[in-house]
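Enquirer: Numbering (my numbering), first residue to last: 10 to 386. Built from N, CA and C at the ideal position, the CB exists for glycine as well. Remember, it's a predicted structure, so these values are computed and weren't measured experimentally. Just dropping this structure here.
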Amino acid sequence: MLDRHKVFSELQKTVAHVFYTTHHEQETIRKLWQWLIDTSSVAYTIRESQPHLLPEWHEPLSTACLLPDPLKEYTVVSVDGSQIYPDRHQGIACFLLNMGIVHLGYTCDISTVYLDSAPSLHTAAQKIDSILEHQELSTEYVNCLRGQRELEIGLKESLRVREKNSQAPVLFMCDGTLLFWHLVAKNDDSKQNFLLQATQLLDDFYQTRIPLVGYISLPNSKEVLALLRVGTAQKLLPVEQAYSFEYITDKDIFSFLLKPFTRSALFSHNSSLAQHYSAHSRPYFMYINTGDEIARLEFPAWVAQDAVLLETTLAIIADQCAKGRGYPVALAEAHEQAVVKGIDREYFYQLLHTFTQTHNQSYKVSQKSIKKRRVAL
10 MLDRHKVFSE
20 LQKTVAHVFY
30 TTHHEQETIR
40 KLWQWLIDTS
50 SVAYTIRESQ
60 PHLLPEWHEP
70 LSTACLLPDP
80 LKEYTVVSVD
90 GSQIYPDRHQ
100 GIACFLLNMG
110 IVHLGYTCDI
120 STVYLDSAPS
130 LHTAAQKIDS
140 ILEHQELSTE
150 YVNCLRGQRE
160 LEIGLKESLR
170 VREKNSQAPV
180 LFMCDGTLLF
190 WHLVAKNDDS
200 KQNFLLQATQ
210 LLDDFYQTRI
220 PLVGYISLPN
230 SKEVLALLRV
240 GTAQKLLPVE
250 QAYSFEYITD
260 KDIFSFLLKP
270 FTRSALFSHN
280 SSLAQHYSAH
290 SRPYFMYINT
300 GDEIARLEFP
310 AWVAQDAVLL
320 ETTLAIIADQ
330 CAKGRGYPVA
340 LAEAHEQAVV
350 KGIDREYFYQ
360 LLHTFTQTHN
370 QSYKVSQKSI
380 KKRRVAL
């Protein structure tokens, strides 16, 4: 049981470290960014010094364009995943994925809504892929498979929507990044396999011409900020001391640059991770002010480089954020369809127990798990 009085006391001791202020650093980056905008040649000099670390910008760094007017006729598809992780205390090596699926269709006359959830059970015995023959069902593996399934189902559902109405634009929105850093591991065959599958799925979106966007709320990326960090380290910026910018992120730069309902310049990602993507799927990104927060958008190159398609995509996102009061409705609804609550988890384990009894199988729950449910003093 949590002792709330002790928690209060602990928070009092550490409040200065938990709720730190960044006012001074924010004012510093505001001035430095404005100086960099006014002296663009220095920005290019900084980038050329670290071309594989720093992003490339495809519009002026000062860009703060109004988002296009919200689109009135379109369909947006979103898929989000949740899970019940393997629990050794339950005695069965399996896990459950639950995928929330949403189609939201809009026309001038009528709107349509399709909501669904698709649970799937996975065990080591099924050998989901050949990698599992040499690997346990880890939490990390479940997360990787969930991400892969979100893209797979997203593509399938988007194609299904387009078959029904080939006239209206279709956009697939996923919650999170298209930069699969978590799958980069030199000595992990499973992760390398998932990275290959994920980049192939992005290519499948390209081949079928289904545009997609990764939407990141409250982003903590520091790719654009790295321009200032590298510039100060190389003494190319007018500062008297080096700054670590430890608590500053890209969103702090764009929070003063972007007014509500505007977007930043378009950037492309150029790190070693980009080598794993085909040229048309290489990730691009920008920041937008939704009116409530600074969010990050990530697109594959083929969407970002098509001016008309990018404009349409941004118009859909603008409408979704307006309808959701700062956050896309489709993403919020997909999460609601996917979420697995505590009572759902208990039902799942009870169902496992019932099935083992029905099929005369052994089901050994650890004493620790039993004691959590029934404790006598």
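(1) What residue from 300, 261, 167 and 124 has the CA that sits closest to residue 229's CA?
(2) In terms of alpha-carbon separation, which member of 234, 161 and 93 lies closest to residue 209?
(3) Mind checking which residues open and close the beta strand (DSSP E) that includes residue 181?
(4) Excluding five sequence neighbours on each side, which residues of the same chain lie with their C-beta closer than 6 Å to the C-beta of residue 276?
(5) Tell me the start and end of each unbroken alpha helix (DSSP H) in the stretch 203 to 288 that is at least 4 residues and wholly inside, in chain order.
(6) Put residue 38 into one of helix, strand or coil per three-state DSSP.
(7) At the level of alpha carbons, what is the spacing between residue 53 and residue 232?
(8) Note the first and the last residue of the continuous beta strand (DSSP E) segment covering residue 110.
(9) On the DSSP letters alone, give me the boundaries of the alpha helix (DSSP H) that residue 83 sits inside.
(10) Ordered along the chain, which non-local residues of its own chain (more than five positions away) have a Cβ less than 7 Å from that of residue 69?
(11) Could you tell me the distance, in whole angstroms, from the CA atom of residue 113 to the CA atom of residue 236?
(12) Assign residue 26 to one of three DSSP states: helix, strand, or coil.
(13) What's the gap between the Cα of residue 306 and the Cα of residue 267?
(14) Helix, strand or coil: how does DSSP classify residue 33 here?
(15) Can you name, in chain order, every residue of its own chain whose Cβ lies under 7 Å from the Cβ of residue 72, other than the five neighbours on each side?
(16) Sort out for me which residues DSSP pairs residue 305 with in a bridge.
(17) At 3 residues or longer, what runs of the beta strand (DSSP E) sit wholly inside the stretch 327 to 372?
(18) How many whole angstroms separate the CB atoms of residue 120 and residue 239, which I take to be in contact at a CB cut-off of 8 Å?
(19) Taking the beta strand (DSSP E) that residue 193 falls in, what are its first and last residues?
(20) Identify every residue that forms a DSSP beta bridge with residue 50.
(21) Hey, quick one: how far does the beta strand (DSSP E) through residue 132 stretch, first residue to last?
(22) Report the CB separation of residue 337 from residue 182 in whole angstroms; it is logged as a contact under 8 Å.
Expert: In short:
(1) To locate residue 229, count along the sequence shown from 1; it is residue 220. Checked all of 300, 261, 167 and 124; the closest Cα to residue 229 is 261.
(2) Numbered from 1 along the sequence shown, position 200 holds the residue referred to as residue 209. That would be 161, whose Cα lies nearest to the Cα of residue 209.
(3) For the purposes of this step, residue 181 is identified with residue 172 of the sequence shown, where counting begins at 1. Per DSSP, residue 181 belongs to the beta strand (DSSP E) from 179 to 184.
(4) In the sequence shown, residue 276 corresponds to position 267, counting from 1. 64, 66 and 294.
(5) 234 to 242 and 259 to 266
(6) Position 29 of the sequence shown, counted from the first residue, corresponds to residue 38. Helix, per DSSP.
(7) In the sequence shown, counting from the first residue as 1, residue 53 sits at position 44. In the sequence shown, counting from the first residue as 1, residue 232 sits at position 223. Spanning the two alpha carbons is a distance of roughly 15 Å.
(8) Here residue 110 refers to the residue found at position 101 when the sequence shown is read from its first residue. 103 to 115 is the extent of the beta strand (DSSP E) around residue 110.
(9) Numbered from 1 along the sequence shown, position 74 holds the residue referred to as residue 83. Residue 83 -> not in any alpha helix (DSSP H); beta strand (DSSP E) instead, spanning 83 to 93.
(10) Numbered from 1 along the sequence shown, position 60 holds the residue referred to as residue 69. Cβ within range, chain order: 274.
(11) Reading the sequence shown from its first residue, position 104 is the one you call residue 113. Reading the sequence shown from its first residue, position 227 is the one you call residue 236. Approximately 39 Å between the Cα atoms of the pair.
(12) In the sequence shown, the residue the question calls residue 26 occupies position 17. Residue 26 falls in the helix class under three-state DSSP.
(13) Numbered from 1 along the sequence shown, position 297 holds the residue referred to as residue 306. Numbered from 1 along the sequence shown, position 258 holds the residue referred to as residue 267. Taking the straight line from one Cα to the other gives about 14 Å.
(14) Reading the sequence shown from its first residue, position 24 is the one you call residue 33. Note: residue 33 maps to helix in three-state DSSP.
(15) Stepping through the sequence shown from its first residue, residue 72 is reached at position 63. 273 and 274, listed in sequence order.
(16) The residue you call residue 305 lines up with position 296 of the sequence shown. In the DSSP output, where bridge partners are listed per residue, residue 305 has 225 and 296.
(17) none
(18) Within the sequence shown, residue 120 is the residue found at index 111, counting from 1. Within the sequence shown, residue 239 is the residue found at index 230, counting from 1. Incorrect: roughly 48 Å between the Cβ atoms, too far for contact.
(19) One-based indexing of the sequence shown puts residue 193 at position 184. Per DSSP, residue 193 belongs to no beta strand (DSSP E) and is neither H nor E.
(20) Counting from 1 along the sequence shown, the entry for residue 50 is found at position 41. According to DSSP, residue 50 bridges with nothing at all.
(21) On the sequence shown, position 123 is the one that residue 132 refers to. Taken as a continuous stretch (DSSP letters only), the beta strand (DSSP E) holding residue 132 covers 120 to 132.
(22) As a working mapping, residue 337 is identified with position 328 in the sequence shown. As a working mapping, residue 182 is identified with position 173 in the sequence shown. Correct: roughly 6 Å between the Cβ atoms.
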